[in-house]
Structures are given as structure tokens and as C-alpha cells.
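A quick write-up on the structure given underneath.
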Amino acid sequence: MTVDTTGFATRAVHAARNQGAASSRATPIYLTAGFEFDDFDHAAGHFGTGAGFGYTRTGNPTVHAVERQLAALESGADAVLVASGQAAVVTALLTVAGAGDHIVSSTHIYEGSRGLFLDNLARLGIETTFVDDIGDVDAWRAAIRPNTRALFAESIANARNDILDIAAIGAVADSSAIPLIVDNTLATPFLVRPLEHGAAIVVHSASKFLAGHGSVLGGVIVDDGRFDPIRAGHNAPHLVLPGRGGVASVAARHGGRARIAYARESVAPRFGASPSPLNAFLIGQGAETLGLRVERQSRNALAVARWLAAHDAVESVDYVGLETHPDHSLATRYLHGGYGSIFTFTLRGGIEAARHFVESVSVFTHMTHIGDVRSLVLHPGTTSHAHRTDEERDILGVSPGTLRLSIGIEDVADLIADLARVLEPVREAVA
Ligand SMILES: Cc1ncc(COP(=O)(O)O)c(C=O)c1O
Numbered sequence: 000m001t002v003d004t005t006g007f008a009t010r011a012v013h014a015a016r017n018q019g020a021a022s023s024r025a026t027p028i029y030l031t032a033g034f035e036f037d038d039f040d041h042a043a044g045h046f047g048t049g050a051g052f053g054y055t056r057t058g059n060p061t062v063h064a065v066e067r068q069l070a071a072l073e074s075g076a077d078a079v080l081v082a083s084g085q086a087a088v089v090t091a092l093l094t095v096a097g098a099g100d101h102i103v104s105s106t107h108i109y110e111g112s113r114g115l116f117l118d119n120l121a122r123l124g125i126e127t128t129f130v131d132d133i134g135d136v137d138a139w140r141a142a143i144r145p146n147t148r149a150l151f152a153e154s155i156a157n158a159r160n161d162i163l164d165i166a167a168i169g170a171v172a173d174s175s176a177i178p179l180i181v182d183n184t185l186a187t188p189f190l191v192r193p194l195e196h197g198a199a200i201v202v203h204s205a206s207k208f209l210a211g212h213g214s215v216l217g218g219v220i221v222d223d224g225r226f227d228p229i230r231a232g233h234n235a236p237h238l239v240l241p242g243r244g245g246v247a248s249v250a251a252r253h254g255g256r257a258r259i260a261y262a263r264e265s266v267a268p269r270f271g272a273s274p275s276p277l278n279a280f281l282i283g284q285g286a287e288t289l290g291l292r293v294e295r296q297s298r299n300a301l302a303v304a305r306w307l308a309a310h311d312a313v314e315s316v317d318y319v320g321l322e323t324h325p326d327h328s329l330a331t332r333y334l335h336g337g338y339g340s341i342f343t344f345t346l347r348g349g350i351e352a353a354r355h356f357v358e359s360v361s362v363f364t365h366m367t368h369i370g371d372v373r374s375l376v377l378h379p380g381t382t383s384h385a386h387r388t389d390e391e392r393d394i395l396g397v398s399p400g401t402l403r404l405s406i407g408i409e410d411v412a413d414l415i416a417d418l419a420r421v422l423e424p425v426r427e428a429v430a
């Protein structure tokens, strides 16, 4: 197109057109709704097989690059990036379950996941049974029914820092030919890769450690690529039966990757929680420094937890890095490179001491987020867990004086100085 013979509006939308192939070392951001087809057959081929890129909701090169990166970090076969962690959880569940099906979940999960299971999946006809004692292998086994399609748990759970015995619960799932889905948000693949221990699917809120800087939301589903149609086909008819119009089944077309292919073809783009390529880029950039951050955050968290445990104003510290934590030896078996950055502790002064704490910190930020480079604090009893009964809060380890910390990458001396200043009046009040 000759730029100077066209109208102003035409030039405005066409003059920057760039089909050059410069090789950018950083992942290029393909911030585009769609992709131009080479010719008639290219378009028909894309719609026929799904190969290549046509429209960003169904595939985008920036998003794909980050999916490959996150699959590699989690030792998975393939990954699907979505718009939030919540979208990752619902995409994973709707990939394996439908109306009339059942799932078994740990009680110790993110409140948004619990609400999704109880309020939303229930209305779609998917029922959930919760297991309180996640270390009780028999309790998981006993909860499985003929229509159970998945087990779901978090590798490190908030608020008590419970650790999932991934190999034991993965074996329970496998003996029923169903996947164990692990939310690995708090641990990150730097500390543990659940697929290496017998989980079949991993999900993340990429808004947390993967992106790492508290600026974007995202989520990811990573699959082990080991779906076996012979063993597990009866639990996944949507993967092994021919599709609409006699199309070959997902398993016939994608083999062991049938689950993640179904998530990519038929769940994520249909329900529409597609990530922005810009957010995908930021998640990919964050993931490049994941190991450095989580190592530092874990080291800081251990120092802070030890300091808090020795303080007179503190009743208890639920950090799995402390030898006193009931899951410390399990954590030592599964976590390598640190014990994570998120934990709760309980102040002796109850809710008034907690109020004083969140309103007095200055290096810590009072907000509802985790996995940030900045250290954060939240009072679960009046926020994330406000709608639970006292008995439920007790099971979850949330008392009036409990505070959740997400430790950042700051100099640990500054974090401890902030805590010392804030806790001094609490020490005097409870002395
Ligand atoms: C463990 C866990 N899973 C899932 C989510 C949901 O992620 P998002 O907020 O990105 O939707 C969160 C959010 O806090 C979380 O902590």
C-alpha cells in the first residue's frame, strides 16, 4: 500500500503494518485480537484443525511462549494460561467434571475455590465432598464414589501451612483412575513440582509468585500429559467418545495430552477467561526470576517466623519451616530451596492487638494479596474467613488474633524492625 495516496483514516490504521521478522530476544508482545491468514486455504485449515493462530481467545504466540515456560517449570507436558487463578481452578475442574459428577477436595483451600465448589459448581450439578484431615489417606479413599472425577488440594495450604502428602494422595487418585489436581500457588514450582510426585494436574494463581510484582492477574493449568484412555476413559467419556459431527475423539487426536487439549479447545476459550497478551508477557517476565525471589522470600520468612516465635506478644506461629510445626518433616521431604513465604501467627492480645498491628505497620502493606515482592499482612478472621463459623475458623487455624503474612524480598532487618516497633505496645499490654 502506498501510504501517501490513501486517506487519513486508512493511513492511521495501515501505515504501521509490520510483517517483518526481527528476532526479539525478549518474548514479543502480540497485542492483537487476531492474526492475518496467508490465503483462503490457510484460514480453512486453521478452522479445521486449530493449528496456528487465528484469534487471541483461542491462541496467541505470547501466551503460548509463557505456557511453554510454565509447563517446563512445573515438569508438565503442556499448559493453558488463563485470566486469573480462579479461572484456572474452574477450567481444570470443568475439564474433568460435568453435571452429575462429584469431586473430593481438601477443606484447607483458598476461600474463592471453596465458594466456587459450594455455590457455582453445585449449581452446575457437580457435588463436592470435603476432607478435613488431609493427611488421612483413608478419609480421601472413603470419600471417592463411582462418579468422582478428581481429587483437589493445595500443596501448601493457608492458614495453617498444612502440607499435602502428594505421593500418597496421588496414589489414591490413581487407584481410581482419576486425576489429583494440586493448587501449587503458595509453594511455586521452585519449591515443589507436584507432577513429579504423582499429581496429574497443577493449577496456579499466576497473580501471586509467578508474576511476582502484584501488578497483573493470571492463572495456569499444567497437565502431566499422561491421560490413559484405556484405564481412565470410563471416567472421561467426553475425551474418548467422538465429538460433534463425528470428529475423532480428543484422545484419538491428542493421546496422553487429551485433558489439556480439551481444556485448550473446549473449556478455556468457551468460558472465555482468556489472558491479555500483555499480562502473559508480565507473568513470563516474572517467572524468569521466580527462583531468586522465592529463595530470598523463604529465607526472610524463616527469619521472621523464628523472631516472632520468640516474642512475648505472640501466642503461636504456623510456619512449616519451624521444627515445631506438625508438618515440618513432610515439608522437608517435599520442599527444596526453602519453606515458602506465607504463614500465619497469632497475637496474644486477640482482635484488638490484630487491629493495632495492621494499622501500625509501615514496611508491611495491609492488603489482600500474597506472593508479592513486598511484604503484606491481612487479618483473615474479619476478611477472607469472615463468613466462616467459629468452629470452621478453629479447624482452619484462624483465631481473633491471627494475622497472615506474605513475606517479600526486602532486607529482613527492616521487616523485623517494623515488627519490633509494632509489637512493643502489645508486649506491654499482655505482660
Ligand atoms: C491458593 C489460591 N488459589 C487460587 C487463587 C485465585 O487466584 P486469582 O486471585 O488470581 O483469581 C488464590 C487467590 O488468592 C489463591 O490464594
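The sequence shown: position 320 = 319 (numbering that gives the first Met the number 0), numbered continuously. Don't be surprised by glycine CBs; every beta carbon is placed ideally from N, CA and C.
Taking 8 Å as the cut-off, the Cβ atoms of G84 and S275 do not count as close. CA-CA distance, L289 to V65, rounds to 13 Å. Ranked by how close their Cα comes to the Cα of S206, the residues E195, I200, V219 have V219 in first place. Counting only residues of its own chain and dropping the five nearest sequence neighbours on each side, T106 has a CB closer than 6 Å to the CB of F129, D131. Secondary structure note for E126: its beta strand (DSSP E) is the uninterrupted segment 126-130. Collapsing the DSSP output to three states places L346 in a strand. Around the C-beta of P193, 16 or more other C-beta atoms lie within 10 Å, and the residue is accordingly described as buried. Exclusion of the five residues before and after V239 leaves P228, G232, S248, A250 as the residues of its chain whose Cβ lies within less than 7 Å of its Cβ. Proximity of the beta carbon of T187 to ligand 1 is not indicated: no heavy atom of the ligand is located closer than 7 Å.
Secondary structure at F36: coil, using DSSP grouped into helix, strand and coil. At a Cβ-Cβ threshold of 8 Å, D371 and F342 do not count as neighbours.
DSSP places S383 outside both helix and strand once states are collapsed to three, so it counts as coil. Under the 10 Å beta carbon count, T90 is surrounded by 16 or more other beta carbons and is classified as buried. Counting C-beta pairs with one atom in each stretch, the stretch 369-387 and the stretch 310-329 have fewer than three that are closer than 8 Å, which means they do not touch. DSSP places G58 outside both helix and strand once states are collapsed to three, so it counts as coil. R225 carries a coil assignment under DSSP once its states are collapsed to helix, strand and coil.
Counting along the chain, the unbroken beta strand (DSSP E) around D317 starts and ends at 313-317.
Under the three-state reduction of DSSP output, T4 falls in the helix class.
Exclusion of the five residues before and after T57 leaves P268 as the residues of its chain whose Cβ lies within less than 7 Å of its Cβ.
A78 has V221 as its beta-bridge partners, per DSSP.
Boundaries around R148 are those of the beta strand (DSSP E), 147-153, since no alpha helix (DSSP H) includes it.
Every unbroken stretch of the alpha helix (DSSP H) spanning 4 or more residues and falling wholly within the stretch 88-127 is given here in chain order: 110-114. In the three-state reduction of the DSSP assignment, D182 falls in the strand class.
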